[in-house]
Amino acid sequence: MYASIVQLSDLPEIDCLLITQSLDDHCHLKTLNPFSQKFPNTRVIATPNAKSLLDPLFKNVTYIEPGQSSEFETKYGSKVRIKATAGPVLGPPWQRPENGYLVTSPQVQLSLYYEPHCVYNQSFVEKERADIVITPVVKQLLPKFTLVSGQEDAVKLAKLLQAKFVVAMRNGELDSKGVLASIIQSEGTIESFKH
């Protein structure tokens, strides 16, 4: 069962927009451009890799690298802390990694971890805790390359963070076209992850 498609006009004003990666499937300019026109003062927290894309669109952008944090107060008065974690390196090995995020709120006493490829630095993550982990659980593979991790990596991540809940991303369930789409293979299912 899928949620209905949300239109920009359906969205309320939000407190913060998190951008994990600079690539189009995570930082989609055709989506962000109209969003920034409707909500130009939205707080954005992003990977520095997306700076050239986001600076022309938004007025209130904070770029954080793995290990750095940013704090803000929501319109309801709750304090929120966002700490960047190391995600995948998408390019040459010397390139800055993309981001995952650990989101905490002392008032709510709830924490959330999100990284869209299930790629994480174990020595960093094992020092943290998250009540909720949002991660892919189905692997997506190219020949001799893991595009998106999942399955046993997602189980390990949830255990490292001592998560109470895992929200499974449905990365593999999309309509895609092009040369790469024809050679991407999926490994595992949400059901096999549960076991």
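Counting from -12, one number per residue, gives the positions in the sequence shown under the numbering used here.
Where is the CB? At the ideal position from N, CA and C, for every residue including glycine.
Rounded C-alpha distance that separates residue i from residue j
i: residue 99; j: residue 91; result: 6 angstroms
i: residue 26; j: residue 16; result: 14 angstroms
i: residue 77; j: residue 10; result: 9 angstroms
i: residue -5; j: residue 21; result: 8 angstroms
i: residue 124; j: residue 111; result: 20 angstroms
i: residue 144; j: residue 103; result: 13 angstroms
i: residue -12; j: residue 95; result: Residue placement at residue -12 is poorly supported in this model, since its pLDDT is 46, which falls under 50; the coordinates are not used for a value here.
Helix, strand or coil at residue i according to DSSP, with G and I counted as helix
i: residue 5; result: strand
i: residue 123; result: strand
i: residue 38; result: helix
i: residue 95; result: coil
i: residue -12; result: Legend: pLDDT at residue -12 = 46, less than 50; position of this residue unreliable, value from coordinates given subsequently. Correct three-state label for residue -12: coil.
Assumed close pair residue i, residue j - CB separation to whole angstroms, cut-off 8 angstroms
i: residue 32; j: residue 3; result: 6 angstroms
i: residue 29; j: residue 8; result: Contact doesn't hold; Cβ gap of about 18 angstroms is too wide.
i: residue 120; j: residue 148; result: 6 angstroms
i: residue 85; j: residue 47; result: With 8 angstroms as the limit, residue 85 and residue 47 do not qualify as a contact, their Cβ atoms being about 21 angstroms apart.
Residue i, enclosing alpha helix (DSSP H) - first and last residue
i: residue 102; result: Unbroken run through residue 102: none, as it is neither H nor E.
i: residue 141; result: 139 to 147
i: residue 152; result: It is not in any alpha helix (DSSP H) - residue 152 instead sits in the beta strand (DSSP E) that spans 152 to 156.
i: residue 18; result: 16 to 25
i: residue 110; result: 109 to 112
Limits of the unbroken beta strand (DSSP E) element including residue i
i: residue 92; result: 86 to 92
i: residue 67; result: 66 to 73
Residue i at chain B interface by Cβ criterion, 8 angstroms
i: residue 75; result: Of the chains in the structure shown, none is chain B; there is only one protein chain.
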